[in-house]
Amino acid sequence: MKRPALFILLYTLIGILFALNFVDTKSGLYFLFTIIIITLIITIYYKNSGYLMLISISIIAFIFSLNTGLHKNTNLNNIADKDYPVTLEGTVSSIVAKYDDVYLYKISSTNINFKKYSTNERINIYVYTDKKLEIGDIIKTKSPLLFPSKKRNYSDFNVPIQYAIKNIEYKMYPDKVYVKGHKDTFMYYLNKISNKLEQRIYKIYNNTDSGILTAMTLGNRQNINEEIYSLYKYAGIVHIIAISGLHISIFCSILFFMLRPFRKNLSAIIIMLFLVFYTVFTGCSVSVLRASLMTSFFILSGIVGRKYDLLSSTAMACSILLINNPYYVYDLGFQYSFIAVFAIGLSANILKKYNIKNKYLSVFITSLIVSFATKPITIYNFYYINFIDVFTNIIAITLVEIILICGLFSIVISCLSMNFATIFALPVHYLLFLIEKSATLSLKFPISHINTGGFSIIIIILMYIVFIVFYNLLIKRKTYCVTFIICITILASFYIKNYSYKGFEAIFYYVGQGDCIILKDNNKCYLMDAGSSLYSPKGNKILKELKYENINKIDGVYVSHMDFDHMGAILELAGNIDIDRVILSKYCTHNNNYYKLVEKLNQNNINIEYVGENYKENISNTTTIELIGVDKNATKTNNSSPIYKVTSNNKSILFTGDIDTETEEKFLDCNIDADILKVPHHGAESSISEKFIKAVSPESAICSAGYMNSYGHPSDKTLILYNNMNIPFFSTEYNGQIRVRFQNNVIKYKFLNTNYNTIDNYIRKND
Numbered sequence: 001m002k003r004p005a006l007f008i009l010l011y012t013l014i015g016i017l018f019a020l021n022f023v024d025t026k027s028g029l030y031f032l033f034t035i036i037i038i039t040l041i042i043t044i045y046y047k048n049s050g051y052l053m054l055i056s057i058s059i060i061a062f063i064f065s066l067n068t069g070l071h072k073n074t075n076l077n078n079i080a081d082k083d084y085p086v087t088l089e090g091t092v093s094s095i096v097a098k099y100d101d102v103y104l105y106k107i108s109s110t111n112i113n114f115k116k117y118s119t120n121e122r123i124n125i126y127v128y129t130d131k132k133l134e135i136g137d138i139i140k141t142k143s144p145l146l147f148p149s150k151k152r153n154y155s156d157f158n159v160p161i162q163y164a165i166k167n168i169e170y171k172m173y174p175d176k177v178y179v180k181g182h183k184d185t186f187m188y189y190l191n192k193i194s195n196k197l198e199q200r201i202y203k204i205y206n207n208t209d210s211g212i213l214t215a216m217t218l219g220n221r222q223n224i225n226e227e228i229y230s231l232y233k234y235a236g237i238v239h240i241i242a243i244s245g246l247h248i249s250i251f252c253s254i255l256f257f258m259l260r261p262f263r264k265n266l267s268a269i270i271i272m273l274f275l276v277f278y279t280v281f282t283g284c285s286v287s288v289l290r291a292s293l294m295t296s297f298f299i300l301s302g303i304v305g306r307k308y309d310l311l312s313s314t315a316m317a318c319s320i321l322l323i324n325n326p327y328y329v330y331d332l333g334f335q336y337s338f339i340a341v342f343a344i345g346l347s348a349n350i351l352k353k354y355n356i357k358n359k360y361l362s363v364f365i366t367s368l369i370v371s372f373a374t375k376p377i378t379i380y381n382f383y384y385i386n387f388i389d390v391f392t393n394i395i396a397i398t399l400v401e402i403i404l405i406c407g408l409f410s411i412v413i414s415c416l417s418m419n420f421a422t423i424f425a426l427p428v429h430y431l432l433f434l435i436e437k438s439a440t441l442s443l444k445f446p447i448s449h450i451n452t453g454g455f456s457i458i459i460i461i462l463m464y465i466v467f468i469v470f471y472n473l474l475i476k477r478k479t480y481c482v483t484f485i486i487c488i489t490i491l492a493s494f495y496i497k498n499y500s501y502k503g504f505e506a507i508f509y510y511v512g513q514g515d516c517i518i519l520k521d522n523n524k525c526y527l528m529d530a531g532s533s534l535y536s537p538k539g540n541k542i543l544k545e546l547k548y549e550n551i552n553k554i555d556g557v558y559v560s561h562m563d564f565d566h567m568g569a570i571l572e573l574a575g576n577i578d579i580d581r582v583i584l585s586k587y588c589t590h591n592n593n594y595y596k597l598v599e600k601l602n603q604n605n606i607n608i609e610y611v612g613e614n615y616k617e618n619i620s621n622t623t624t625i626e627l628i629g630v631d632k633n634a635t636k637t638n639n640s641s642p643i644y645k646v647t648s649n650n651k652s653i654l655f656t657g658d659i660d661t662e663t664e665e666k667f668l669d670c671n672i673d674a675d676i677l678k679v680p681h682h683g684a685e686s687s688i689s690e691k692f693i694k695a696v697s698p699e700s701a702i703c704s705a706g707y708m709n710s711y712g713h714p715s716d717k718t719l720i721l722y723n724n725m726n727i728p729f730f731s732t733e734y735n736g737q738i739r740v741r742f743q744n745n746v747i748k749y750k751f752l753n754t755n756y757n758t759i760d761n762y763i764r765k766n767d
């Protein structure tokens with residue numbers, strides 16, 4: 001068996017992915033079917049029955065990953081996400097981040113609700129507080145114990161997965177934290193050294209350069225200039241500020257040069273010890289772990305006299321990390337790091353096959369292959385593609401080598417003379433400036449940022465299958481030609497099935513305690529409200545969702561009324577995406593929010609249209625938006641909300657803004673019957689009229705509300721009323737993002753999290 005490590009990795013990955021997405025018995029059957037089919041294909045192709053043994057590896061990985069998860073402590077799960085406080089005692093194991101005046105600490109718990117935990121049983125908890133703490137501080141605090149926030153939109157950052165990657169179980173937001181004592185740990189001293197080195201860097205360089213160099217050498221990315229980070233990200237070179245194989249190889253080369261007087265084996269041991277120290281020192285990020293493991297394999301292969309194989313080494317490192325934590329498979333750094341290294345290994349085979357020895361051509365081909373290999377990851381996570389980044393990367397990677405060497409020398413020499421240190425700082429500054437300018441220039445090309453929209457994981461996997469088949473074609477394994485054609489056909493069929501729908505769709509986007517509904521039909525896009533929060537702006541999140549939907553223009557934004565939770569995000573969207581016009585009621589309240597909105601729209605040359613009675617807009621041949629009624633004499637902002645009805649293919653949704661019961665009953669004789677009722681005022685008790693609901697006669701009701709919001713929306717009375725009327729009640733609070741399609745005279749619902757009625761969850765929550 002050639003390169004068995006690759007096959008072991010493949011079967012480990014299959015087992016892990018099925019385990020982490022395990023739902024029911026059907027998932028298990030799919031898993032067994034998949035590994036059997038893959039194994040039979042491999043066995044027949046290589047004519048070796050020994051490959052059948054690989055099935056056991058996949059099953060072991062499946063069982064192991066199935067039992068490796070968070071929230072295994074049933075007692076703690078029962079008290080999590082409740083209103084009452086939990087007493088926590090523990091030790092600060094790391095300082096994770098600082099957000100304005102709030103610190104985020106990782107606490108290793110020793111006592112929760114006066115139950116002691118041994119070293120092996122300790123649970124890691126994120127604690128947010130304004131109190132400055134040190135690693136090793138023994139603290140006591142009291143606060144509700146919370147689960148990590150669920151993903152509630154398709155484009156949202158998956159917080160539970162990130163917690164799992166970091167091995168964090170819960171989080172807390174205590175008002176007060178008491179320090180009971182302090183324990184000088186190894187990590188405490190490492191943190192002190194890191195802080196001292198960071199201070200030296202900031203003395204030598206300006207703030208922008210210091211932030212980048214601190215990330216490149218110490219692994220601390222907290223102080224990177226946001227504009228620079230965004231520039232690097234969109235230019236496709238953000239990886240240069242993360243410590244990876246390039247950085248490790250440079251550090252090890254310098255260390256190896258310094259250890260030349262010593263014996264080879266002693267030098268190797270010292271370098272491997274350095275790798276262990278440096279990995280812990282920089283926070284054990286996945287990219288550093290990968291680079292350190294592979295460098296260690298390279299050193300060990302030299303000691304034992306074995307030929308080093310890049311692909312096998314990469315597969316071994318990948319398998320080791322996944323066994324340690326199966327959730328690494330979802331880590332973005334893990335994905336980029338390993339895919340890039342695998343691509344480098346494959347490119348080496350291509351260069352060898354075609355006998356390409358020209359240094360510059362070799363660098364270009366390798367960069368091109370790595371760029372294309374990592375494109376699916378970028379598409380899946382960021383919904384765009386950059387075809388210029390291969391050139392920007394060649395420039396950046398070439399210059400980073402010099403930057404790191406000069407940067408390290410400047411830090412070391414600063415211990416002797418700050419003046420001499422600034423001499424080495426000059427090339428670092430100008431080379432970083434050159435990278436910045438090349439990145440800025442690259443983004444001016446139209447093909448540097450092409451929106452793709454969100455793709456399913458199936459499409460991404462098929463992309464990689466096509467990539468592997470194409471690689472085999474390049475090295476002239478002609479037997480793959482038929483497979484290549486089959487893969488292209490499958491890829492095209494999946495794309496047509498999943499992305500060809502152009503009919504009406506309403507997306508009830510979760511913005512917390514606010515409203516935002518995206519209406520799509522035949523390449524047109526409208527928003528029904530775009531709410532935000534003063535404390536948690538939602539504009540960028542809505543913008544990300546629009547990118548996920550591959551929407552580059554908003555044809556119109558209907559604003560119900562001038563409360564921030566219904567119009568605040570428009571202030572952030574204006575200027576960041578093309579908006580044709582904003583539609584307001586003639587009778588909307590002219591409060592401070594109104595004047596802010598008008599000013600922002602005028603600054604960005606966005607038209608404002610004021611509408612009243614008898615207003616109707618045809619957004620396609622089959623879909624209309626009609627203003628059913630509005631209270632002209634409303635004294636409250638909420639009651640100035642117009643009632644809009646969106647009709648498509650003989651199905652309709654009624655949007656009511658935040659009107660109350662009194663206003664609802666003014667429109668009982670209007671054309672308010674609809675298939676779906678957008679619940680008024682987030683389900684508030686003041687906005688439930690049984691007469692109104694009967695007049696609408698909906699097949700279902702959809703409510704927008706924030707998870708565990710302080711208003712208690714939707715109210716008990718609201719939930720009970722809809723339940724008694726046998727109307728299914730769904731809410732973004734528990735269901736997450738809700739999608740509704742009108743197809744073939746049928747309403748199709750899609751829920752991100754679950755499909756149960758909110759009333760069912762409410763009953764379970766309060767048992």
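Residue numbers for the sequence shown follow our numbering, so the first one is 1 and each next one is one higher.
In this text, a Cβ means the ideal position worked out from N, Cα and C, and glycines have one as well.
- Annotation: ASN745 is outside any beta strand (DSSP E) and is labelled neither H nor E by DSSP.
- Counting only residues of its own chain and dropping the five nearest sequence neighbours on each side, TYR328 has a CB closer than 8 angstroms to the CB of ILE165, VAL286, LEU321, LEU322, PHE334.
- By the neighbour-count criterion, in which 16 or more other beta carbons inside 10 Å mark a residue as buried, MET216 falls on the buried side.
- Membership of LEU527 in the beta strand (DSSP E) is indicated by the continuous run 524 to 530.
- For SER210, the uninterrupted alpha helix (DSSP H) run begins and ends at 207 to 218, by DSSP.
- A check of alpha carbon separations from CYS588 across VAL557, LYS632, ASP580 identifies LYS632 as the nearest.
- By the Cβ neighbour-count rule, PRO326 is buried, with 16 or more other Cβ atoms within 10 Å of its own.
- The count of Cβ pairs closer than 8 angstroms, one atom from the stretch 306 to 320 and one from the stretch 270 to 287, stays below three, leaving the stretches out of contact.
- In this chain, the alpha helix (DSSP H) harbouring THR279 covers 264 to 281.
- Between the beta-carbon of ALA235 and that of THR392 there is about 5 angstroms, and that keeps the pair under the 8 angstroms contact cut.
- Rounded to the nearest whole angstrom, the CA to CA distance from LEU474 to ILE161 is 37 angstroms.
- Beta-bridge analysis with DSSP links MET172 to VAL127.
- For LYS694, the uninterrupted alpha helix (DSSP H) run begins and ends at 690 to 696, by DSSP.
- Annotation for LYS352: the continuous alpha helix (DSSP H) segment containing it runs 332 to 353.
- DSSP places ASN195 within a helical segment (H, G or I) once states are collapsed to three.
- For ILE507, the enclosing beta strand (DSSP E) starts and ends at 505 to 508.
- The three-state secondary structure of SER710, taken from DSSP, is coil.
- Non-local C-beta neighbours of ALA705 in its own chain, meaning closer than 7 angstroms and more than five positions away in sequence, comprise GLN513, HIS682, GLY683, HIS713, PRO714, SER731, THR732, GLU733, ordered along the chain.
- Here THR440 is exposed: its Cβ has fewer than 16 other Cβ atoms, across all protein chains shown, within 10 Å.
- Under DSSP, VAL611 takes part in a beta bridge, and its partners are SER585.
- Fewer than three Cβ pairs drawn from the stretch 165 to 177 and the stretch 251 to 260 lie within less than 8 angstroms of each other, which leaves the two stretches out of contact.
- As computed with DSSP, ILE138 is found in a beta bridge with THR91, GLY181.
- When rounded, the separation of the alpha-carbon atoms in ALA315 and ARG3 is 9 angstroms.
- Relative to the Cα of MET53, the nearest Cα in the group TYR535, TYR45, THR39 belongs to THR39.
- Secondary structure of ALA701 (DSSP, three-state): strand.
- If the five residues before and after MET463 are omitted, its C-beta is found closer than 6 angstroms to the C-beta atoms of PRO376, all from its own chain and listed in chain order.
- Secondary structure at GLU665: helix, using DSSP grouped into helix, strand and coil.
- Per the DSSP secondary-structure output, CYS516 pairs in a beta bridge with ALA530.
- In its chain, beyond the 5 residues on either side, LEU573, ASN576, ILE577 have a beta carbon closer than 7 angstroms to the beta carbon of LEU543.
- Three or more beta-carbon pairs drawn from the stretch 695 to 709 and the stretch 731 to 751 are found closer than 8 angstroms, and the two stretches are therefore classed as touching.
- Counting only the Cα atoms, GLY136 lies some 21 angstroms from ASP101.
- Counting only the Cα atoms, TYR384 lies some 43 angstroms from GLU685.
- Note on LEU597: 16 or more other CB atoms within 10 angstroms of its CB, so buried under the neighbour-count rule.
- The Cβ atoms of SER362 and LEU351 sit closer than 8 angstroms to each other.
- Secondary structure within the stretch 6 to 90: the alpha helix (DSSP H) runs of 4 or more consecutive residues, fully enclosed, are 25 to 46, 54 to 66, 74 to 79 (chain order).
- Within the stretch 385 to 443, the complete alpha helix (DSSP H) runs of at least 4 residues fall at 389 to 414, 418 to 442.
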